[in-house]
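Everything below concerns the one structure shown next.
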Amino acid sequence: MPKVTPFRSIRPIPELAERIAALPYDVYNRSEALAEVKREPLSFLKIDRAETGFPDDVDTYDPKVYERARDILSSMIADGSFIKEEKPCYYIYELTMDGRSQSGIVACSSIDDYQNRLIKKHENTREDKELDRIRHVDVTDTHTGPIFLVYRSRKEINRIVDEAKQAVPLYDFTSADGITHRVWIISSDEDIAQIEHAFLQLPCTYIADGHHRCASAVKVGLMRREQNPDYTGEEEFNRFLSVLFPDDQLYIMPYNRVVKDLKGMTCDEFLKAIQAAGFELTCRGKEPIAPNVKGTFGMFLEDNWYLLTAKEPLLSSDPVKGLDVSILQDYLLGPVLNIEDPRTDKRIDFVGGIRGLSELERRVHSDMKVAFSMYPTSIEELLSVADAGLLMPPKSTWFEPKLRSGLFLHKLS
Numbered sequence: 004m005p006k007v008t009p010f011r012s013i014r015p016i017p018e019l020a021e022r023i024a025a026l027p028y029d030v031y032n033r034s035e036a037l038a039e040v041k042r043e044p045l046s047f048l049k050i051d052r053a054e055t056g057f058p059d060d061v062d063t064y065d066p067k068v069y070e071r072a073r074d075i076l077s078s079m080i081a082d083g084s085f086i087k088e089e090k091p092c093y094y095i096y097e098l099t100m101d102g103r104s105q106s107g108i109v110a111c112s113s114i115d116d117y118q119n120r121l122i123k124k125h126e127n128t129r130e131d132k133e134l135d136r137i138r139h140v141d142v143t144d145t146h147t148g149p150i151f152l153v154y155r156s157r158k159e160i161n162r163i164v165d166e167a168k169q170a171v172p173l174y175d176f177t178s179a180d181g182i183t184h185r186v187w188i189i190s191s192d193e194d195i196a197q198i199e200h201a202f203l204q205l206p207c208t209y210i211a212d213g214h215h216r217c218a219s220a221v222k223v224g225l226m227r228r229e230q231n232p233d234y235t236g237e238e239e240f241n242r243f244l245s246v247l248f249p250d251d252q253l254y255i256m257p258y259n260r261v262v263k264d265l266k267g268m269t270c271d272e273f274l275k276a277i278q279a280a281g282f283e284l285t286c287r288g289k290e291p292i293a294p295n296v297k298g299t300f301g302m303f304l305e306d307n308w309y310l311l312t313a314k315e316p317l318l319s320s321d322p323v324k325g326l327d328v329s330i331l332q333d334y335l336l337g338p339v340l341n342i343e344d345p346r347t348d349k350r351i352d353f354v355g356g357i358r359g360l361s362e363l364e365r366r367v368h369s370d371m372k373v374a375f376s377m378y379p380t381s382i383e384e385l386l387s388v389a390d391a392g393l394l395m396p397p398k399s400t401w402f403e404p405k406l407r408s409g410l411f412l413h414k415l416s
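This is how it looks when you write it as structure tokens:
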């Protein structure tokens, strides 16, 4: 029974919401983040990536970077760019991309639910990536980027959301990338009670995207408990910012792979090794391949596209081994190309499906030797892996559209 609670959000005034809202901090590298802040000086990236306010010789993780983030946020609250809600509320956050919409409930989730596995994960996290957000959350005393959670769809929650969306939205704008964002507030005591009760009927929620942000938020909460041994459990640091979506509204794109070399093989030797590994191989020439059937893969090599089909012995009913990303890793990337750990091997890189197949061709023509286009992992596969207490291979899912940071902030104290 996950505890999903309302909160007193700090949020932009309506006339600045479009300018402040920013893609997640980890979508950009440092130069890209700097370019975006120069394009839009009010972008929340100047807080989420405060190194954009320093020369390049200042380390991204220098303590003064986090202090700058805190100071900018404080000044924007002081100058009226942000306001604080008068009472704890829920919000509905709707994102529309290419005519398809998904509506989530913005709320706080419990760090105890994460610890007790009522919030289920499907990825491991890396400590070095956690440290950055731990410092950011701790120094700013704020959760700035919501965790993307998913729950198995329930009619009673859908009904409340649909009714709330009949009101006039707080925010309604289309961002530069063509995504429409609309937000409604749920402030009546009756509606708040219904939502909180409805989530208590669920067995669990799941992390869809934001494993590192979630782990970091939880660790800051545990740090605050150590610093406050008389804590009651009701303090704000016991909760973290989240947006919860029903599983039947989500869209997962493929997470494609590119590899730097063929481990010393010629192209002909590599093609033979793929067939020997258990894949059927068909050359499609210049025709880009976006797999539309599970167990199939596109491959771009030396200006030609190939269709790879995994033969029966490679398939599995195991929640993890049966994933297409696992099949490619276990039977081709690992044994044929000697990429044993895709988390750390510098010879492999990952390309989100939003970038399209032309990006795979570009990478092969520039800094890589071979590219693989994937059939997307399904939301049901994600939930099944999490339910089994297992973990997916790295870079198994790419969710679109991305939640914006800066629209909802949660103070820890």
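Taken in order, the sequence shown gives residues 4 to 416; the numbers are from my numbering. Cβ atoms here follow ideal geometry from the backbone N, Cα and C, with glycine treated the same way.
Assuming residue i and residue j make a contact with CB atoms under 8 Å, what is their CB distance in whole Å?
{"i": "F402", "j": "I255", "result": "6 Å"}
{"i": "A25", "j": "S408", "result": "5 Å"}
{"i": "P1", "j": "C207", "result": "Any question about residue 1 goes unanswered here, given that the chain covers just 4 to 416."}
{"i": "K324", "j": "F282", "result": "About 16 Å; that fails the 8 Å criterion."}
{"i": "V354", "j": "N295", "result": "With 8 Å as the limit, V354 and N295 do not qualify as a contact, their Cβ atoms being about 18 Å apart."}
{"i": "R14", "j": "L318", "result": "Going by Cβ atoms, the distance from R14 to L318 rounds to 48 Å, so no, they are not a contact pair."}
{"i": "E97", "j": "R185", "result": "4 Å"}
{"i": "V328", "j": "M377", "result": "7 Å"}
{"i": "T55", "j": "L37", "result": "5 Å"}
{"i": "F10", "j": "A110", "result": "7 Å"}
{"i": "Y174", "j": "P17", "result": "6 Å"}
{"i": "L244", "j": "P149", "result": "5 Å"}
{"i": "R33", "j": "T63", "result": "6 Å"}
Using the DSSP secondary-structure output, state which residues sit across from residue i in a beta bridge.
{"i": "M256", "result": "W401"}
{"i": "L284", "result": "L311"}
{"i": "F85", "result": "P15"}
{"i": "P249", "result": "Y154"}
{"i": "A25", "result": "S408"}
{"i": "A110", "result": "S245"}
{"i": "S104", "result": "T99"}
{"i": "V261", "result": "D352 and A374"}
{"i": "Y93", "result": "I189"}
{"i": "H139", "result": "Its beta-bridge partners do not exist; DSSP assigns none."}
{"i": "V7", "result": "S112"}
{"i": "G301", "result": "L310 and S376"}
{"i": "K124", "result": "None; K124 has no bridge partner."}
{"i": "K414", "result": "T145"}
Find the nearest neighbour of residue i within the set the options, judged by alpha-carbon distance.
{"i": "G224", "options": "P91, C92, D116 and A167", "result": "D116"}
{"i": "A3", "options": "E54, R52, R42 and D264", "result": "Absent from the structure is residue 3, since the part of the chain shown begins at 4 and ends at 416."}
{"i": "Y93", "options": "S376, V246 and G356", "result": "V246"}
{"i": "L406", "options": "G56, M100 and S12", "result": "M100"}
{"i": "V153", "options": "Q252, L336 and F85", "result": "Q252"}
{"i": "N307", "options": "I351, L360 and L317", "result": "L360"}
{"i": "L331", "options": "L393, I75, K372 and V262", "result": "V262"}
{"i": "V7", "options": "L410, Q204, T312 and P316", "result": "Q204"}
{"i": "D131", "options": "Q169, E39, A218 and A196", "result": "A218"}
{"i": "I160", "options": "T128, I188 and D194", "result": "D194"}
{"i": "M79", "options": "N231, I50, Y334 and G267", "result": "I50"}
{"i": "L311", "options": "D333, I277 and A53", "result": "I277"}
{"i": "S381", "options": "G298, A279 and P9", "result": "G298"}
{"i": "G280", "options": "N341, H368, T63 and K158", "result": "Looking at the sequence provided, one finds Ala at residue 280 rather than Gly. Considering only alpha carbons, the answer is N341."}
{"i": "L393", "options": "D333, E343 and L326", "result": "L326"}
{"i": "K158", "options": "I189, D321 and F202", "result": "F202"}
{"i": "P249", "options": "F273, K90, L274 and Y209", "result": "Y209"}
{"i": "F3", "options": "Y31, L19 and D62", "result": "Given a span of 4 to 416 for the chain in the structure shown, any question on residue 3 remains unanswerable."}
{"i": "C112", "options": "H146, T235 and D60", "result": "Note that residue 112 corresponds to Ser in the displayed sequence, not to Cys. Ranking the options by Cα distance to S112, first place goes to H146."}
{"i": "S178", "options": "S190, K222 and E21", "result": "E21"}
{"i": "P172", "options": "P91, I189, Y31 and K275", "result": "I189"}
{"i": "S84", "options": "L410, P257, E229 and G102", "result": "L410"}
{"i": "E384", "options": "P232, C270, P322 and D333", "result": "P322"}
{"i": "I95", "options": "W187, R155 and A196", "result": "W187"}
{"i": "K414", "options": "A53, P91 and D65", "result": "P91"}
{"i": "P257", "options": "I292, P232 and I137", "result": "I292"}
At a cut of 8 Å, does the segment 131–151 reach the segment 65–79 through at least three beta carbon pairs? yes
Which runs of the alpha helix (DSSP H) fall wholly inside the segment 303–384 and span at least 4 residues, in chain order? Whole alpha helix (DSSP H) segments, 4+ residues: 327–331 and 360–369.
In chain order, each beta strand (DSSP E) run of at least 3 residues that lies wholly inside the segment 158–237: 174–177, 183–189 and 208–212
Examine the Cβ distances between the segment 104–121 and the segment 153–171 and report whether three or more of them are shorter than 8 Å. yes
If contact is defined by three or more beta carbon pairs under 8 Å, each pair taking one atom from either stretch, is the segment 277–291 in contact with the segment 381–396? no
Contact the segment 120–129 vs the segment 212–226: 3+ CB pairs below 8 Å: Contact between the segment 120–129 and the segment 212–226 is present, because at least three Cβ pairs lie under 8 Å.
Using a Cβ distance threshold of 8 Å, determine whether the segment 356–368 contacts the segment 290–308, with at least three qualifying pairs required. yes
In the segment 29–82, which residue ranges form an unbroken alpha helix (DSSP H) of at least 4 residues, counting only runs that do not cross its ends? 33–42, 48–51 and 66–81
Three or more C-beta pairs under 8 Å: does that hold for the segment 334–349 against the segment 237–245? Contact between the segment 334–349 and the segment 237–245 is absent, because fewer than three Cβ pairs lie under 8 Å.
For the structure I just gave you, are there three or more beta carbon pairs, one from the segment 12–27 and one from the segment 42–58, closer than 8 Å? yes
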